[in-house]
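The structure appears below as structure tokens.
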Amino acid sequence: MNKNEQKLIKNEQKSLKIKNMCFLVLILAANFLFSQEIERINSTEHLSKNYPFSEATIIGNVIYLSGEIGTLPNGKLIEGGITAQTKQALTNIKNTLEEIGSSIDNVFKCTCMLSDINDYGEMNKEYIKHFKRDKMPSRSTFAASGLALNAKLEIECIAIKNK
């Protein structure tokens with residue numbers, strides 16, 4: 003066997019070792035992810051309304067909040083248009099996170115759905131008031147039709163638990 007063939011065999015062996023290590027890491031990561039308990043968070047008030055979704059779901063250290071619209075504690079949509087609904091939706095999100103033992107500062111991703119994309123500017127003016135400048139979450143915003151209760155927006159967030 004010449005030197006080139008020996009080098010090729012060594013490279014193939016190294017490549018196989020790397021592939022095996024990657025596979026092992028993937029198996030360990032999958033085992034960790036799939037061994038996590040799913041905790042569903044629902045207040046007594048939420049359960050009494052028979053909604054077909056949980057207020058939040060926690061897997062590991064990650065909190066997935068259901069979409070929030072600008073509803074008041076009585077379940078009615080707040081009046082006052084996009085600004086009032088944005089403020090109320092974010093207040094609802096803040097309250098849910100605090101009930102779980104987290105905070106709005108731990109939100110790292112939001113998805114905003116607007117019934118009219120022309121409301122983007124007004125929504126954004128109110129939205130930025132609820133997050134510290136250095137803690138702004140990643141965000142996607144798009145137009146969507148058929149929001150619950152004819153709401154002007156729905157905001158869905160993902161956060162982490164307090165450490």
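Note that the sequence shown covers residues 3 to 165 in my numbering.
All C-beta atoms, glycine included, are put in the ideal place defined by N, C-alpha and C.
Taking C-beta atoms as the reference points, His-48 and Glu-57 count as a pair closer than 8 Å. Following the DSSP letters along the chain, one finds Glu-41 inside the beta strand (DSSP E) bounded by residues 40 to 43.
For the 8 Å CB-CB criterion, Leu-116 and Thr-143 form a contact. At a cut-off of 3 residues, the continuous stretches assigned as beta strand (DSSP E) that sit fully inside the stretch 39 to 103 are 40 to 43, 58 to 61, 64 to 67. Under the three-state reduction of DSSP output, Met-23 falls in the helix class.
For Phe-110, DSSP records no beta bridge to any residue. When rounded, the separation of the alpha-carbon atoms in Ile-60 and Ile-43 is 8 Å. Comparing alpha carbon positions, the residue from Tyr-66, Asn-76, Asp-107, Ala-86 closest to Ser-50 is Asn-76. By the neighbour-count criterion, in which a residue is buried when 16 or more other Cβ atoms sit within 10 angstroms of its Cβ, Thr-46 is exposed. By the 16-neighbour rule on beta-carbons within 10 angstroms, Gly-69 is buried.
For Thr-85, same chain residues with a beta-carbon under 6 Å away, outside a window of 5 residues either side, are Glu-124, Glu-128 in chain order.
With a 10 Å radius around the Cβ and a threshold of 16 neighbouring Cβ atoms, Gln-87 comes out buried. Under DSSP, the beta-bridge partners assigned to Phe-144 are Met-115. Judged by DSSP secondary structure, Met-125 falls within the alpha helix (DSSP H) whose first and last residues are 122 to 129.
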